[in-house]
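K.L.:
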Amino acid sequence: MEELKLVRPSVEHKRQYEEMMEEWEGFGGRLNPGALRRYSHKQQRNATYEEWLQWIEDDRQAGQDLYFFMKGSAILGAISIRLRCAEVDGHSGYGIRPSQRRKGYAAMMLSMALPVMKERRIDPVIITCAKDNIGSAKTILRNGGVYIKDAADGEGETVEIYHIHMENSVSDRGDGIGRGDG
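Count the sequence shown with the numbering used here and you get residues 8 to 189, in order.
1. Inspect the CB distances between the region 55-67 and the region 119-134 and report whether three or more fall short of 8 Å.
2. Whole angstroms is fine: what's the gap from Pro122's alpha carbon to Trp62's?
3. How far does the beta strand (DSSP E) with Glu167 in it reach, from first residue to last?
4. Rounded to whole angstroms, what is the Cα-Cα separation between Ala114 and Gly84?
5. Can you find the residues in the same chain that come closer than 7 Å, C-beta to C-beta, to Lys78, ignoring five residues on each side of it along the sequence?
6. In terms of DSSP beta bridges, what is Ile86 paired with?
7. Please tell me whether Tyr101 and Leu90 are closer than 8 Å, where the distance is taken between their beta carbons.
8. Kindly indicate which residue of Arg149, Ile88, Cys136 has the alpha-carbon position closest to the one of Val95.
9. Quick one: measure Cβ to Cβ for Lys138 and Asp157, integer angstroms, because I've assumed they're closer than 8 Å.
10. Could you give the distance in angstroms between the alpha-carbon of Gln51 and the alpha-carbon of Gly142?
11. Roughly how many angstroms separate the alpha carbons of Cys190 and Ala69, rounded to a whole number?
12. Would you decide whether Asp34 is buried or exposed? Buried here means 16 or more other CB atoms lie within 10 Å of its CB.
13. If you check the beta carbons only, do Ala42 and Ser99 fall under 8 Å apart?
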């Protein structure tokens, strides 16, 4: 069985990223995490992969890190980790590409990211999901999340706010993080 891992985006992932984005954009709906978006409002076009990588690097320098969730050479989804956050945004945003949903991958990906957040002394981890996103709520609960309250996000949509306290998380299985080399 191929290993599941979290890997920082790099030039080697260009083809896989573009395939994933074509699938996601064709499917429609909300794209999470937001850092995956490649459309530049400033330039009124999709950014090149190289431009997008620079955005990701700039975000990393500002305290937000993005990881691809990979199985072999395939990108199954992505997760972002934010050192600082507004409560309605949370410390992490994540998503699984449409063809790979309902296979338990989101819960595995979040479980693999929690040790990184623990290492960065994020406790509790604040995670939010759209009120109607039952799958994401289940993912958070499976990883030790505790429902806190509902709130309105920046777009006026209702989100559920959860906390994951590190002593309650299910993620003490090693960090699973690739260092961007594959």
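Positions of the beta carbon are idealized from the N, C-alpha and C atoms, including for glycine.
P.N.:
Taking the structure as given:
1. no
2. 25 Å
3. 165-171
4. 12 Å
5. Glu9, Leu11
6. Tyr74, Tyr101
7. no
8. Cys136
9. 7 Å
10. 33 Å
11. Shown here, the chain extends from 8 to 189; a query on residue 190 therefore has no answer.
12. The sequence as given places Phe at residue 34; Asp does not occur at that position. Its Cβ having fewer than 16 others within 10 Å, Phe34 is exposed.
13. no
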